[in-house]
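Presented below is the structure to which this report refers.
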Amino acid sequence: MNLTIIGTGYVGLVTGTCFADLGNEVICADNDEKKIKVLNDGGIPIYEPGLEELIKKNREKGRLSFTTDIEEAVKASTVIFICVGTPPREDGSADLTAIEKVSKVIAGCMNSYKIIVEKSTVPVETGEWVRKTINMFKEHSGDFDIASNPEFLREGSAIEDFMKPDRVVVGVESERAEEILKELYGPLKSKIVVTDIKGAEIIKHASNSFLATKISFINALSNICERTGSDINAVAEGVGMDSRINTHFLKAGVGFGGSCFPKDLKAFIHISETLGYPFNMLKEVEKINEMQKDLLIKKISDAVWNLPDKVIGIWGLAFKPNTDDIRSAPALDIIGRLIDQGAKIRAFDPAAMENTKAELGEKITYCQDVYDVAKGSDCVILMTEWNEFKEIDWQRVKDLMKQPVVLDGRNIYDSNKLKKMGFNYMGIGRS
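Residues in the sequence shown are numbered from 282 upward in steps of one, following my numbering.
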């Protein structure tokens, strides 16, 4: 099948590459000339395990190409996936400017029947606006369908998530579009949930909001555990073994971040209020996530006494392991708050250093590894649970530090071992 993917960010690039790997002819189009040049030169503009190799494989087989000519790409394909950004506005609503611009471009160059598929995360009723926009600006009388096909890709495991999905959600309003999309996803042998367009749009925001709720719930519970002397890891295991709940997203930590949960939570709250329903539960989920960061700062301050001129080491900058994405990363928020209180920051991340430099500039010291971070630090904080942070020479760390204070923001270390070695160990929800 001939496909065009408009937008070559995480979602677009992974989606296009994986569809090509399934045997489709895929054109990935973007108006960012620099990004397309990187891709055409054999590089990759993002960090995602396995993606660079998969792109190379499918380019060599002639199934995957990259272009800035969006109009020609639209003309060449039957199915058009819109994978552009929908960043949050100040009021929490999604900025759909890019969706509108792409819709106008599609409208101006459609030369035959097309299925225009929303892949970007958008608020409910966006499909109606895309349809209205195309009808208003289309220059030919060709037929078209609008569909919604939300993505559920986790950064760091996006290829596996695409190839082995829990389910594929397809929102359509015609049998023709349904059959084509079912055929397209057929090779995955996955359960396909078919609904109307609005239902598919709601499913995406509802899924991310519910997962954010689980994270905020376990983080709120971690504070109860700390105050009672219980261990959140044992409590989470006991709760998660209930098959109705399960253990996924029941890991206490420093709060959720990334490009999806914070943005989608705000957007769903805004959507609900626009529809006349104040979704107060989700407002509390958001509040708990922010409060978790406040509690982390207090832990650090209590441990080192005064923050001004203290050296704080940060292990991990990306919002999760196996990605270079720092969007809404808790680490950057924590770093900002620490700097505001006069602390000096030493930091290291295996993949996110360049993105952090672009964001923070010279406000912090960028280190070579975890031991370089520990050098002269009054406290080190684990923010991202990269595999290489799990096996640490703790005696070496202790010898390098000014004060042996460790804040385990992901609860991955043996607290008894570190305490016996003389560390002031602090976890999240652990006595």
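Idealized CB from N, CA, C, for every residue including glycine.
Indicate whether residue i and residue j have their beta-carbon atoms separated by less than 8 Å.
| i | j | result |
| --- | --- | --- |
| alanine 310 | alanine 375 | no |
| glycine 452 | isoleucine 478 | yes |
| valine 520 | leucine 546 | no |
| glutamate 518 | glycine 710 | no |
| glutamine 684 | aspartate 659 | yes |
| isoleucine 351 | valine 386 | yes |
| aspartate 523 | serine 712 | no |
| proline 611 | glycine 538 | yes |
| methionine 634 | valine 661 | no |
| methionine 707 | alanine 584 | yes |
| methionine 702 | tryptophan 596 | no |
| alanine 428 | alanine 458 | yes |
| isoleucine 396 | isoleucine 461 | yes |
| aspartate 630 | alanine 599 | yes |
| arginine 340 | glutamate 306 | no |
| valine 535 | glycine 423 | no |
| leucine 699 | tryptophan 667 | no |
| valine 405 | leucine 377 | no |
| proline 369 | lysine 544 | yes |
| valine 687 | phenylalanine 670 | no |
| methionine 444 | cysteine 648 | no |
Give me whichever residues DSSP pairs with residue i in a beta bridge.
| i | result |
| --- | --- |
| aspartate 689 | Leu663 |
| lysine 625 | Val592 |
| serine 346 | Ile308 |
| arginine 618 | For arginine 618, which the question treats as bridged, DSSP gives no partner whatsoever. |
| serine 637 | Sequence inspection shows threonine at residue 637; the serine mentioned does not correspond to that position. In DSSP, threonine 637 forms no bridge with anything. |
| glycine 452 | Ser429, Thr476 |
| threonine 646 | Arg627 |
| alanine 375 | Pro369 |
| arginine 711 | Asp512 |
So residue i and residue j are supposed to be a Cβ contact under 8 Å. How far apart are they, rounded?
| i | j | result |
| --- | --- | --- |
| asparagine 489 | alanine 533 | Actually they are not in contact, since the Cβ atoms of asparagine 489 and alanine 533 sit about 19 Å apart, beyond 8 Å. |
| asparagine 283 | serine 358 | 4 Å |
| threonine 476 | isoleucine 361 | With a Cβ gap of about 20 Å, threonine 476 and isoleucine 361 do not count as contacting. |
| asparagine 504 | leucine 576 | 7 Å |
| serine 553 | phenylalanine 560 | 4 Å |
| serine 401 | valine 365 | 6 Å |
| glycine 389 | phenylalanine 418 | 6 Å |
| glutamate 399 | valine 411 | 7 Å |
| serine 455 | serine 540 | Serine 455 to serine 540, Cβ: 31 Å. No contact. |
| valine 654 | alanine 624 | Rounded, the Cβ-Cβ distance is 14 Å, inconsistent with contact. |
| isoleucine 336 | isoleucine 325 | 7 Å |
| isoleucine 616 | glycine 373 | About 24 Å; that fails the 8 Å criterion. |
| threonine 289 | lysine 316 | 6 Å |
| glycine 437 | threonine 604 | 5 Å |
| proline 468 | leucine 303 | 5 Å |
I'd like the list of long-range same chain contacts for residue i, defined as Cβ closer than 8 Å, with 5 residues on each side in sequence excluded.
| i | result |
| --- | --- |
| leucine 619 | Ile578, Ile581, Leu588, Ile593, Ile626 |
| alanine 439 | Tyr291, Val295, Glu329, Leu332 |
| threonine 646 | Lys625, Ile626, Arg627, Ala628 |
| lysine 679 | Pro685, Met702, Gly703, Phe704 |
Going by beta carbon distance, what residues of the same chain come within less than 7 Å of residue i, once the five residues before and after it are set aside?
| i | result |
| --- | --- |
| glutamate 640 | Ile607, Leu613 |
| leucine 531 | Lys495, Ile499, Ala517, Val520, Gly521 |
| serine 497 | Val566, Ile569, Asn570 |
| glutamine 573 | Asn500, Val535, Gly536 |
| lysine 463 | Ile473 |
Give every residue of the same chain whose Cβ lies closer than 6 Å to the Cβ of residue i, excluding the five residues on either side of it in the sequence, and list them in chain order.
| i | result |
| --- | --- |
| aspartate 442 | Leu434, Arg435 |
| proline 446 | Ser471 |
| lysine 450 | The sequence as given places valine at residue 450; lysine does not occur at that position. Taken in chain order, the residues that qualify are Pro431, Val474, Ala481, Ile484. |
| glutamate 420 | Gly389 |
| leucine 492 | Phe530 |
Output the boundary residues of the alpha helix (DSSP H) element that contains residue i.
| i | result |
| --- | --- |
| aspartate 426 | Segment 425 to 429 is the beta strand (DSSP E) holding aspartate 426; no alpha helix (DSSP H) there. |
| phenylalanine 537 | Note, phenylalanine 537: premise wrong, no alpha helix (DSSP H); not H, not E. |
| leucine 681 | 675 to 681 |
| lysine 419 | Here lysine 419 belongs to no alpha helix (DSSP H), and DSSP marks it neither H nor E. |
| isoleucine 513 | 513 to 521 |
| isoleucine 552 | 542 to 555 |
| glycine 389 | 378 to 390 |
| arginine 444 | Reading off the sequence shown, one finds methionine at residue 444, where the question assumed arginine. From DSSP, the alpha helix (DSSP H) with methionine 444 extends over 439 to 444. |
| isoleucine 578 | 561 to 585 |
| tyrosine 291 | 291 to 302 |
| glutamate 333 | 332 to 341 |
| valine 403 | First-last for valine 403: undefined, no H or E at that position. |
| leucine 699 | 696 to 701 |
Since residue i is in the beta strand (DSSP E), which residue starts that stretch and which ends it?
| i | result |
| --- | --- |
| leucine 284 | 283 to 287 |
| asparagine 705 | 705 to 707 |
| lysine 395 | 395 to 399 |
| phenylalanine 362 | 360 to 363 |
| isoleucine 473 | 473 to 476 |
Does any heavy atom of the ligand PLP sit closer than 7 Å to the C-beta of residue i?
| i | result |
| --- | --- |
| glycine 534 | Of the ligands one can find in the structure shown there are none, so the ligand PLP has no counterpart to examine. |
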